[in-house]
Each structure stands twice: as C-alpha cells, then as structure tokens.
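S.K.:
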Amino acid sequence: MGKDFIIENLKNAGKNIKENFKSYTLDFIFIVLFISVFQTVFGQENNIVGVILTILMASSMMRDLTSTPLKHLVIQSSVLVAMAVSACLVVILNPWIALIINFIMITIILYSFTYEYASNLYFPYILSYLFMIFIGPVTLEQLPKRVLSMLAGALCIMVYQFVKGRKRVVDTTRDSLTVIIDEALVCTQCLIDGAGKPADLEEVRKNLYKLCKMVYERRKRVLCVSDANFAMIDSARGLENLILVLYEMTGPITPDRIEILKKVKEKLKEFRAFVQREVNCLKDMDFSDFAGSNSSVEIEEIFRCVEYIAIHLKRMTDPKRRVKYRRTVLSFAVRLKAALNLSPVRVVYALRVAVLLSAATLIVQLLGLPHGKWLLFTIASVSLPYADDVGKKARQRFTASVIGCVIGMASYALVPSAVGRTALMMFSGYISYYFSGYTGTFACSTIGALGGAVFMNGFGWYDVGSMAVVRIVYIAVGILAAVAANRLILPFRRSAATKQLWKKYENTVKLLTVICESDDADTQLYYSLVIQSHLLEEKLLENAINENWNGIDNMLSECRALVRSAHRKNSFGTLIANNLS
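So for the sequence shown, full-length UniProt numbering puts the first residue at 1; every next one is plus one.
1. If you draw a straight line from the alpha carbon of Asp463 to that of Val454, how long is it in whole angstroms?
2. Only counting the same chain, and skipping five residues up and downstream in sequence, which positions put a Cβ closer than 8 angstroms to that of Glu547?
3. Using the C-alpha atoms, what's the distance from Tyr349 back to Leu369?
4. Would you please state the rounded distance, in angstroms, between the beta carbons of Cys156 and Leu33? I believe it to be under 8 angstroms.
5. Reducing DSSP to helix, strand and coil, say where Arg219 ends up.
6. Which value, in whole angstroms, describes the spacing of the CA atoms of Ile475 and Trp374?
7. Around the Cβ of Leu501, are there at least 16 other Cβ atoms within 10 angstroms (buried) or fewer (exposed)?
8. Does the pairing of the segment 182 to 194 with the segment 255 to 272 give three or more beta-carbon distances under 8 angstroms?
9. Could you name the residues that DSSP lists as bridge partners for Tyr325?
10. Closest by CA to Ile489, which one among Ile243, Arg327, Ser383?
11. Taking all protein chains shown into account, decide if Gly452 is buried (16 or more other Cβ within 10 angstroms of its Cβ) or exposed.
12. By the three-class DSSP mapping on this structure, what secondary structure does Leu99 have?
13. Could you check where the alpha helix (DSSP H) with Met62 kicks off and where it finishes?
14. Taking only three categories from DSSP, how would you classify Ile489?
15. Quick check: Thr172 and Lys210, are their CB atoms within less than 9 angstroms of each other?
16. In whole angstroms, what separates the C-alpha of Arg471 from that of Leu450?
17. Kindly list the residues whose CB is nearer than 7 angstroms to the CB of Gly408, restricted to its own chain and excluding five residues on each side of it in sequence; keep chain order.
18. Tell me the rounded alpha-carbon separation between Trp96 and Gly165.
19. Taking Tyr430 as the reference, which of Tyr438, Arg421, Gln524, Cys444 has the closest Cα?
20. Around the C-beta of Leu525, are 16 or more other C-beta atoms found within 10 angstroms, so that it is buried, or is it exposed?
21. Looking at the unbroken alpha helix (DSSP H) that takes in Phe287, where does it start and where does it end?
22. Does DSSP put Ala561 in a helix, a strand or coil?
23. Would Leu242 pass as an interface residue toward chain C - the criterion being a Cβ-Cβ separation below 9 angstroms?
24. Quick test of the definition: if touching needs 3 or more C-beta pairs under 8 angstroms, does the segment 354 to 367 touch the segment 98 to 108?
25. Counting Cβ pairs closer than 8 angstroms, one from the segment 305 to 321 and one from the segment 218 to 234, do we hit at least three?
26. Measuring only the C-alpha atoms, how far is Gly238 from Gln365?
27. Contact defined as beta carbons within less than 8 angstroms: I believe Lys220 pairs with Ser77. What is the distance between those atoms, to the nearest angstrom?
28. With a cut-off of 8 angstroms, do at least 3 Cβ pairs link the segment 22 to 36 to the segment 45 to 65?
29. Around the Cβ of Phe131, are there at least 16 other Cβ atoms within 10 angstroms (buried) or fewer (exposed)?
30. Can Ser411 and Leu424 be called in contact, C-beta distance under 9 angstroms?
31. In whole angstroms, give me the CA-to-CA distance for Thr25 and Asp519.
32. Count the other C-beta atoms from every protein chain shown that fall within 10 angstroms of the C-beta of residue 582, then say buried if there are 16 or more, exposed otherwise.
33. Just tell me which of Leu414, Thr523, Met426 has its CA closest to the CA of Lys324.
34. With distances taken between CB atoms, is the gap from Ala84 to Ser176 smaller than 9 angstroms?
35. Would you grab the beta carbon distance between Gln396 and Tyr433 for me? Rounded to a whole angstrom, and I think it's under 8 angstroms.
36. Is it the case that the Cβ atoms of Tyr160 and Met62 are separated by a distance below 9 angstroms?
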C-alpha cells in the first residue's frame, strides 16, 4: 500500500510539473524575495514573521476578504498582534502563568478560523503562533518591532488578496452561471431531440453552492447583502427552476412545444453571451413574440421563468445595485444572535485542542525538550474537528515523516556543506508545490525541517540518522497524544455534527416556507436563509458521503420541493422581485 501511495504521489507531481511549472516557480521566487526583503526591513529576529506571512497570504486566498477590506485589515491586524504579544509572554513568563495565556490565545484562534460552511483556516494561524514561540521567539525589548512587523504583515495579506484575487468575483460568477446555462441548454436540446432528460442537477447545484458561498463571504456584515448579489443568486436559482419546469413537462413533445423549446434555447444562448460579456445588454421580452399564436398555462410559466432570469441578470450587472444594501427590519438582538451563531463543533474543537496544545507546551517548557516544537506541530496538525478524521491524518503524517526522514538522512549525510544543504532545503520547499496530497507535501516539509536541525552540527550518517530518529519519535508521541485526546476529551463525531446540521437545515427550510407565505417579508432575512440553506445542503452532502448516509438526496429533494411549492403558490418570487425593483 505504501509503495502504491508513493507511486501515485509521484505521478500526480509529474502531472503538476507539466501543468503548473511557470506559476509555481514564480510563486516560489516571490516567497524567497519576500522573506529576504522582510528580514532586511524588520531584522533577523523577525525573519520567521516573513515565513509566517507567506503561509498566511497563500492560505488567505481560500476566502475572499476584498469586499470589506478595512474590516478585514482590522481583524487581521488584531489577530496577528495578539498572537505576537501572547507568544512573547508564553516565552518569557513562568510556564504555569503562560499556560493560561496560551490556552486563551489558542482557543480564540481555533474558534475564529474554524468555519461551518467554508474551508477551515485555523491551521496556518496555529502553526504561525507556534512558530513564534518555538522557532522565532523575541524578548520584551524586541516585542515592539515584532508587533510592527505583524501590522505590516496584515497589510501585506490584504494587498496579496487584491493582487491575486482581483478577478475572483467576475471569474466565479461568469464560470458558475455559464455552467448552469450550459446544463439548461443540454436539458432543452434533449427535449427537442426526444432523448429524454439528464439524470440530475448535480452540476447546477454545485455551481449554485459556489455562488452562495461567494456571496456569503462577501457580505458587508450579517444580514447585509447587496441587491446585485441578490440578483446573482436569483439568476442561478431561476435557471435551476427553468430546468425543473422543463423536467415537469408531461406528454409527447409536439411541434408547438418544440417551437417554444427552440425559443428557450435561443434565449439561453443570449444569456450565455451576456454572462461571457460577448454582448452588453439583453433584449426585453414580449410574451406575444415568445408564444406566437400558441398560448397555454405551460407556455406562460416557461415564459415567466425565462423573463425572471433575464430581469435578474440585468440587475446583477447594474452598478447602482452593487452598492445598494437594503436595511433589515430585524432587531439588534436578533442580528447579534445571528452574528455570534455559536457552533457546538467549533466550541468543542477549540476547547479540546487548546487544552492539548497548551498542556503540551507546558511539558516541553518544564522538561526543556530541545526539539519539542515537532511534538507541538504534530499535535496541531493531527487534531481535527471531527474525531473520525484523526486516524487517517495520523497515518498520513507518520508515513510522510518516515519517507521524508529517509530521503533527508541520505541527502544530508552525503552533502555536508552549508551551501549544498541550503540548496537541498530550498529544493524540498519548491518541489512540495507539485504534490497535491498531504503525504507528499509533508514529506518535503520533513526534509526541510531535518535539514534545519542538522544544518551546522550534524554530519555523517550517524549524526543525521540520530536526528531523523529523534524527529520520528517526537512525531509518534504527538500522534499518540492527539489520537488519545480526540477520543477521550469531548470527542465530536461527524455523525453527531451531521444530525445537528440536518436539524438546522430543516428549521431553515421551515422558516423559508413561512416567509414565502408572508405578505411582508424581510428581504435580507429571506436571502440570508436562501444562502444558508444552500451552504447547509453542500455540507450535508459532503458529510453524508463520508458517513455513507443513504437517502440524503431524497431527503433534500423533499425539503427543496416544500420551498419551491410555497414560492409557486404564493408568487413570492414576484414579491421579492418587486421589493428589489
């Protein structure tokens, strides 16, 4: 199994080299230059901050921080400065006093950067915090400069977001809507050709989830989404609804129906060209032109679906609507509760890992373990929100450590010079870009870490081999501690989380249904629930696959049908459209 795993990783790396050589090389050059410049400006003692920032800048791209840059600049500055101050205090204070500070800081980091709907960002921040304690500690006299470097780092993160993610919104919107339109075109053509209907709406929903996630991340604040983003979501939902309406057609596809389907197809092509910016405007729709001499309830419904999409695509691109935010009528208390939104998974995970890491830090400090940082890094890496995932991650880390230590031992034993070892360490960092899996990436990190440990005082097979064994022992102990803690201290399993998510999803759907039946709905609340329902669906599907939870598709379909039925019965789509006009 190990041999096959290595071969698979090498194959993936080879494929990545062909496809991404230029971009990965430029990224690596940027990292080297950034760290060098940062060290020149802020001094050798803050070299580790330069390393940390390259990690945080890259990982920050998992989320879009550009919609409210000042807010996120303040958040990043506050977190980074708090990390720097806390790390300094943990180093200089009595270990027992430091234990409390460490626990509080780790809990804050873990809870703040663990998310229910989006990819978690806690590990880069925890790793950065541990780096400042164990690799680049500073004294109280050096702290002001460290704080200044962290403030500069927060600014660097935001600049990086704007440079690397400047086209993200446009690209995501264009690509996702194009995929959904293409699915609608396939459905239409299948009906015209009499080839039946496509099996499901998986691609449509994947891209709808993607759009909802983007809007969720770009909210100005809780219950504060722009009209343009409302329209974007409604454009995608309108396309989904059109496909469902076409799916519901019963009976033979008559010539009159084919004529209507061809007109739908032409409009979809027009929508596609508009989304791709091949045309600048959409023509107004007229029912008499669309239906011709034919008129029926079915044709009227199809026309309304197509018209709805056209209206919202226009609104989506209206510059005025991009900066228009409708006020919610909900009280401050309700908004505050929504903003806090305490999550059991996040709370349990933050407390469990904070206890483990702060206790491990105390032990390392009291015993004066020279390479105790490897123990801490391992615990941080292997401890995951769901206890079910810990075993797999532990196996991957141990396998990667053994592979990295064997390769590193051979390399550094044969290359005693500082220049040669520096080149090997840099190469291991560069080549890690080409491994997509955790095992390959961490094996490269292990080679670099082993090189740092033996750089000036480990020569020959015995010295390097001894250090490799020491690293493997630390990692093994860290894995055992993490596995034990995740099973004994407030263990939280995916099955329990999935049940909680399902209950939350059901409540969201029920509330949406009630709102659909209301004559005076809060627009912000409505769209917040729409976004939340789609994000919950995505997470439920992900968990259901991992849990082998059969029947989830049917359960979700029933809930979607309830909301859709309420929309159609009460013409709520028209109400919302009027609210946004």
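Ideal Cβ positions, reconstructed from N, Cα and C, are used throughout, including at glycine. Because the structure is a prediction, the values reported are computed rather than measured.
M.R.: Looking at the coordinates:
1. Rounded to whole angstroms, Asp463 to Val454 spans 8 angstroms at the Cα level.
2. Listed in chain order, the non-local C-beta contacts of Glu547 below 8 angstroms within the same chain comprise Arg494, Ser495, Thr498, local neighbours out to five positions each way being set aside.
3. When the Cα atoms are used, Leu369 and Tyr349 turn out to be separated by approximately 27 angstroms.
4. With a beta-carbon spacing of about 13 angstroms, Cys156 and Leu33 fall beyond the 8 angstroms limit used to define contacts.
5. The DSSP-derived three-state label of Arg219 is coil.
6. Taking the CA atoms as reference points, Ile475 sits about 6 angstroms from Trp374.
7. By the neighbour-count definition (other C-beta atoms within 10 Å, threshold 16), Leu501 is a buried residue.
8. The answer is yes - the segment 255 to 272 touches the segment 182 to 194, with three or more Cβ pairs under 8 angstroms.
9. Paired residue(s): Ser226.
10. Closest option to Ile489, Cα to Cα, is Ser383.
11. With fewer than 16 Cβ atoms within 10 Å of its Cβ, Gly452 is classed as exposed.
12. Annotated three-state conformation of Leu99 is helix, per DSSP.
13. Looking at the DSSP string, Met62 is not in any alpha helix (DSSP H), and its letter there is neither H nor E.
14. In the structure shown, Ile489 sits in coil (DSSP, three-state: anything other than H, G, I, E or B).
15. Yes.
16. Cα to Cα, Arg471 sits roughly 8 angstroms from Leu450.
17. Around Gly408: Thr446, Ile447, Leu450, Gly451, Ala468.
18. If you take the alpha carbons of Trp96 and Gly165, they lie about 43 angstroms apart.
19. That would be Cys444, whose Cα lies nearest to the Cα of Tyr430.
20. With 16 or more other Cβ atoms within 10 Å, it is buried.
21. First-last of the alpha helix (DSSP H) with Phe287: 287 to 291.
22. It is helical.
23. The structure shown has no chain C; it contains just one protein chain.
24. The answer is yes - the segment 98 to 108 touches the segment 354 to 367, with three or more Cβ pairs under 8 angstroms.
25. A contact exists between the segment 305 to 321 and the segment 218 to 234.
26. Here the alpha carbon of Gly238 sits roughly 60 angstroms from the alpha carbon of Gln365.
27. Between Ser77 and Lys220 the Cβ distance is about 19 angstroms, and since that is not below 8 angstroms, they are no contact.
28. Counting Cβ pairs under 8 angstroms, three or more are found: they touch.
29. When all chains shown are included, Phe131 counts as buried.
30. With contacts defined by Cβ atoms closer than 9 angstroms, Ser411 and Leu424 form a contacting pair.
31. Those two C-alpha atoms are separated by around 58 angstroms.
32. With the chain covering only 1 through 581, there is no way to say anything about residue 582.
33. Taking the Cα of Lys324 as reference, the smallest distance to any Cα among Leu414, Thr523, Met426 is reached at Thr523.
34. Judged by beta-carbon spacing, Ser176 lies beyond the 9 angstroms limit of Ala84, meaning their Cβ atoms are not closer than that value.
35. No, Gln396 and Tyr433 are not in contact; Cβ-Cβ is about 18 angstroms, not under 8 angstroms.
36. Contact flag unset, no.
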